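Student:
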DNA sequence: TCTGGGGTCCTAGGACCC
DNA sequence: TCTGGGGTCCTAGGACCC
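Residue numbers (the numbering used here): 1397 to 1814.
(1) If you measure between the beta carbons of residue 1429 and residue 1404, is that distance less than 8 Å?
(2) Taking buried to mean at least 16 other C-beta atoms within 10 Å of its own C-beta, is residue 1792 buried or exposed?
(3) Who are the near neighbours of residue 1477 in its chain, counting only those whose CB is closer than 8 Å to its CB and skipping five residues on each side?
(4) With respect to the alpha helix (DSSP H) encompassing residue 1659, which residues constitute its N-terminal and C-terminal limits?
(5) Would you mind sorting residue 1479 into buried or exposed? The rule is 16 or more other CB atoms within 10 Å of its CB.
(6) Which residues in the same chain have their Cβ closer than 8 Å to the Cβ of residue 1633, if we skip the five residues on either side of it in sequence?
(7) For residue 1643, which of helix, strand or coil comes out of DSSP?
(8) Pull the bridge partners of residue 1469 from the DSSP assignment, please.
(9) Between which two residues does the alpha helix (DSSP H) holding residue 1614 run?
(10) What separation, rounded to the nearest whole angstrom, lies between the Cα atoms of residue 1621 and residue 1490?
(11) Within its chain, find whatever has a CB closer than 7 Å to the CB of residue 1662; leave out the 5 residues flanking it on each side and keep chain order.
(12) Along the chain, where does the beta strand (DSSP E) that runs through residue 1803 open and close?
(13) Considering just the uninterrupted stretch of the alpha helix (DSSP H) at residue 1411, what are its terminal residues?
(14) Between the alpha carbons of residue 1722 and residue 1660, how many angstroms are there, rounded?
(15) DSSP state of residue 1815, grouped into three classes?
(16) Leaving aside the five residues before and after residue 1678 along the sequence, list all residues of the same chain whose C-beta is less than 7 Å from its C-beta, in chain order.
(17) Just confirm the distance between the C-beta atoms of residue 1542 and residue 1625, as a whole number of angstroms; I'd bet it's less than 8 Å.
(18) Hey, residue 1466 and residue 1443: beta-carbon distance below 8 Å or not?
(19) Helix or strand or just coil, what does DSSP make of residue 1751?
(20) Tell me, to the nearest whole angstrom, how far the beta carbon of residue 1750 is from that of residue 1811; I am working on the premise that it is less than 8 Å.
(21) So residue 1486 packs on residue 1539, CB below 8 Å; how close in whole Å?
(22) Just to check my reading of the structure: residue 1475 and residue 1800 have Cβ atoms closer than 8 Å, yes? What is that Cβ distance to the nearest angstrom?
(23) Could you have a look at residue 1604 and say whether DSSP puts it in helix, strand or coil?
(24) I'd like the ranges of any beta strand (DSSP E) spanning at least 3 consecutive residues and lying wholly in the stretch 1669 to 1746.
(25) Quick one: complete alpha helix (DSSP H) runs, 4+ long, within the stretch 1513 to 1554?
(26) Taking 8 Å as the threshold, find out whether the stretch 1694 to 1712 comes into contact with the stretch 1669 to 1684 through three or more Cβ pairs.
(27) Given a cut-off of 8 Å on the beta-carbon distance, is the pair residue 1732 and residue 1690 in contact?
(28) So if DSSP puts residue 1436 in a beta bridge, which residue, or which two residues, is it bridged to?
(29) Hey, how far is the Cα of residue 1743 from the Cα of residue 1752?
(30) Please report how far the alpha carbon of residue 1766 lies from the alpha carbon of residue 1434, in whole angstroms.
(31) Do you know whose CA, among 1555, 1535, 1557, lies nearest residue 1548's CA?
(32) Give the straight-line distance between the Cα atoms of residue 1608 and residue 1623, rounded to the nearest whole angstrom.
(33) Less than 7 Å between C-beta atoms, sequence neighbours within five positions excluded: which residues of the same chain meet that for residue 1464?
(34) Among residues of its own chain, excluding the 5 on either side of residue 1658, which ones have a beta-carbon nearer than 6 Å to its beta-carbon?
(35) Can you list, in chain order, the residues of its chain with a C-beta nearer than 7 Å to that of residue 1517? Leave out the 5 residues immediately preceding and following it.
(36) So is residue 1692 buried or exposed if we call it buried at 16+ other beta carbons inside 10 Å?
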């Protein structure tokens, strides 16, 4: 049976989450910033119409922020993740055939729905708004790529009222002609620029291109985009997402790091976070990579990485930290102002599938119990237990100056009704 | 002075094997 | 002097996504 994909996408998700708990700014311009309050990662519509772009550096738009009295938030991922869970739970009451695609998007299969898909989708929209306070838009079509496009128009068209159904639509070509090539799902700015040279500027142009030609010139991924635009489904609903292959923890520093000691501290801290994530998802890691990076905007920019392999896949933070620190010692360069460091864990295996090593000297059961106890304490107490290697003062730590409260996940942060 | 974080997939090229 | 062809595996880098 063929699918009918509905892409539900939250409008300005992070900004909308902040608004739910601050009704006073319902129609005011607001932005949400990245870690370290560096760049803009979410904008309300009022801000979009001011011409402030996604990814704009905060220092570049200070004047605009003042001039238009824009309310600024540091990012609050704890809040957004919890709001996301609530929205996904709401959506799941409308169909069991659902793929959670990202923190603010889900594909639903509406193939079994009788009657008007537009009416049904309006009902979904209203329910999500009522139950969670977050506005969503819905695009419906026979392929995921077309559903993305329907959503793009649904968000922008007054007439659509947040829902556009492109299944058997007489307006298909008209819609495709309105979508610039770089807005198509899977076409980034680089490929869009190359397509332009071939006279392909819109989704309509690309849908009329020869898939074979596109395959030869750009590769299979892009040939699939062409097929999807033509209505041939290449990507099915993924209800059981494949297991993760890598896991990373990386952060810019609050201020540049020049000493080996501080770089080791930061790496230890990130390795400890990576260990927590690893155990939370029931994985063990076979490979650990550390990378360090100076500003890329300077002349002698330096980027380098080191990888170590574990004889037996590990979940042990102590082992992760000591490996990470060994890597940092090899990577460190005197005189460099490091801006960022990252830990990547690869070769992830499920904990109960760990291949034992004959020459293993560690008591794996004992450290496993130790990690369990530490995780348990840390999940209920802050600051909790940490490794001395992570440092105490942590001058490199990122800064969040304007973070809102954890309204939905912390009793001490409950919203107040006044 | 000041530019995020966490992922995925594909491809080309090198190493190695018979 | 003349120096093959085909396969696999791995890795780094590119491009993309939200």
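Ideal Cβ positions, reconstructed from N, Cα and C, are used throughout, including at glycine.
On a predicted model such as this, the values are computed, not experimentally measured, just so you know.
Tutor: So, to answer that:
(1) For the purposes of this step, residue 1429 is taken as the residue at position 33 of the first chain. For the purposes of this step, residue 1404 is taken as the residue at position 8 of the first chain. Going by C-beta atoms, residue 1429 is not nearer than 8 Å to residue 1404.
(2) The residue given as residue 1792 occupies position 396 in the first chain. With 16 or more Cβ atoms within 10 Å of its Cβ, residue 1792 is classed as buried.
(3) For the purposes of this step, residue 1477 is taken as the residue at position 81 of the first chain. Contacts found: 1499.
(4) One-based indexing of the first chain puts residue 1659 at position 263. Residues 1656 to 1676.
(5) Locating residue 1479 in the first chain gives position 83, counting from the first residue. Classified as buried, residue 1479 has 16 or more neighbouring CB atoms from the shown chains inside 10 Å of its CB.
(6) The residue labelled residue 1633 in the question sits at position 237 within the first chain. Contacts found: 1399, 1401, 1493, 1494, 1495, 1503, 1505.
(7) Walking along the first chain from the start, residue 1643 turns up at place 247. Here residue 1643 sits in strand by DSSP.
(8) Position 73 of the first chain, counting from 1, holds the residue named residue 1469. Paired residue(s): 1428.
(9) Numbered from 1 along the first chain, position 218 holds the residue referred to as residue 1614. Per DSSP, the unbroken alpha helix (DSSP H) holding residue 1614 starts and ends at 1607 to 1614.
(10) Here residue 1621 refers to the residue found at position 225 when the first chain is read from its first residue. Here residue 1490 refers to the residue found at position 94 when the first chain is read from its first residue. Computed Cα separation, rounded: 28 Å.
(11) Residue 1662 sits at position 266 when you count from the first residue of the first chain. When the five nearest sequence neighbours on each side are left out, the beta carbons in the same chain lying within less than 7 Å of the beta carbon of residue 1662 are those of 1649, 1653, 1737, 1792, in order along the chain.
(12) Stepping through the first chain from its first residue, residue 1803 is reached at position 407. First-last for residue 1803: undefined, no H or E at that position.
(13) Along the first chain, one-based indexing puts residue 1411 at 15. 1409 to 1416 is the span of the alpha helix (DSSP H), which, as asked, contains residue 1411.
(14) Here residue 1722 corresponds to residue number 326 of the first chain, with the count starting at 1. Here residue 1660 corresponds to residue number 264 of the first chain, with the count starting at 1. Their backbone Cα atoms lie some 9 Å apart in a straight line.
(15) There is simply no residue 1815 to check, as the chain begins at 1397 and stops at 1814 in what is shown.
(16) The sequence position of residue 1678 within the first chain is 282, counting from 1. Excluding the 5 residues flanking it on each side, residue 1678 has same chain C-beta neighbours closer than 7 Å at 1746, 1747, in chain order.
(17) The sequence position of residue 1542 within the first chain is 146, counting from 1. The sequence position of residue 1625 within the first chain is 229, counting from 1. That pair is a contact at about 7 Å.
(18) Position 70 of the first chain, counting from 1, holds the residue named residue 1466. Position 47 of the first chain, counting from 1, holds the residue named residue 1443. Going by beta carbons, residue 1466 and residue 1443 fall inside the 8 Å limit.
(19) Residue numbering aside, residue 1751 sits at position 355 when the first chain is read from its first letter. DSSP places residue 1751 in coil when its eight states are reduced to three.
(20) Here residue 1750 refers to the residue found at position 354 of the first chain. Here residue 1811 refers to the residue found at position 415 of the first chain. About 44 Å separates the beta carbons of residue 1750 and residue 1811, which is beyond the 8 Å limit, so they are not a contact pair.
(21) As a working mapping, residue 1486 is identified with position 90 in the first chain. As a working mapping, residue 1539 is identified with position 143 in the first chain. Not confirmed; about 25 Å, so no contact.
(22) Within the first chain, numbered from 1, the residue matching residue 1475 stands at position 79. Within the first chain, numbered from 1, the residue matching residue 1800 stands at position 404. Right, their Cβ atoms sit about 7 Å apart.
(23) Locating residue 1604 in the first chain gives position 208, where the first residue counts as 1. Coil.
(24) Secondary structure in the stretch 1669 to 1746: the beta strand (DSSP E) runs of 3 residues or longer, each lying completely within the stretch, are 1679 to 1690, 1699 to 1710, 1734 to 1742 in chain order.
(25) Scanning the stretch 1513 to 1554 for uninterrupted alpha helix (DSSP H) segments of 4 residues or longer gives 1513 to 1528, 1540 to 1552, listed from N- to C-terminal end.
(26) At 8 Å Cβ cutoff, the stretches touch.
(27) Taking the first residue of the first chain as position 1, residue 1732 is located at position 336. Taking the first residue of the first chain as position 1, residue 1690 is located at position 294. Cβ atoms of residue 1732 and residue 1690: closer than 8 Å.
(28) Counting from one through the first chain, the residue named residue 1436 turns up at place 40. In DSSP, residue 1436 forms a bridge with 1429.
(29) Along the first chain, one-based indexing puts residue 1743 at 347. Along the first chain, one-based indexing puts residue 1752 at 356. C-alpha separation (whole angstroms): 15 Å.
(30) In the first chain, the residue the question calls residue 1766 occupies position 370. In the first chain, the residue the question calls residue 1434 occupies position 38. Note on geometry: alpha-carbon atoms of residue 1766 and residue 1434 lie some 37 Å from one another.
(31) As a working mapping, residue 1548 is identified with position 152 in the first chain. Each of 1555, 1535, 1557 was checked against the Cα of residue 1548, and the nearest Cα belongs to 1535.
(32) Along the first chain, read from residue 1 onward, the residue named residue 1608 stands at position 212. Along the first chain, read from residue 1 onward, the residue named residue 1623 stands at position 227. Approximately 10 Å, taken between the alpha carbons.
(33) Here the question's residue 1464 lines up with position 68 in the first chain. If you ignore the 5 residues before and after residue 1464, its C-beta comes within less than 7 Å of the C-beta of 1425, 1446, all in its own chain and listed in chain order.
(34) The residue given as residue 1658 occupies position 262 in the first chain. Within the same chain, residue 1658 has close Cβ partners 1792.
(35) Position 121 of the first chain, counted from the start, is the residue given in the question as residue 1517. Correct list, in chain order: 1402, 1534, 1536, 1559.
(36) To locate residue 1692, count along the first chain from 1; it is residue 296. By the 10 Å Cβ count, residue 1692 comes out exposed.
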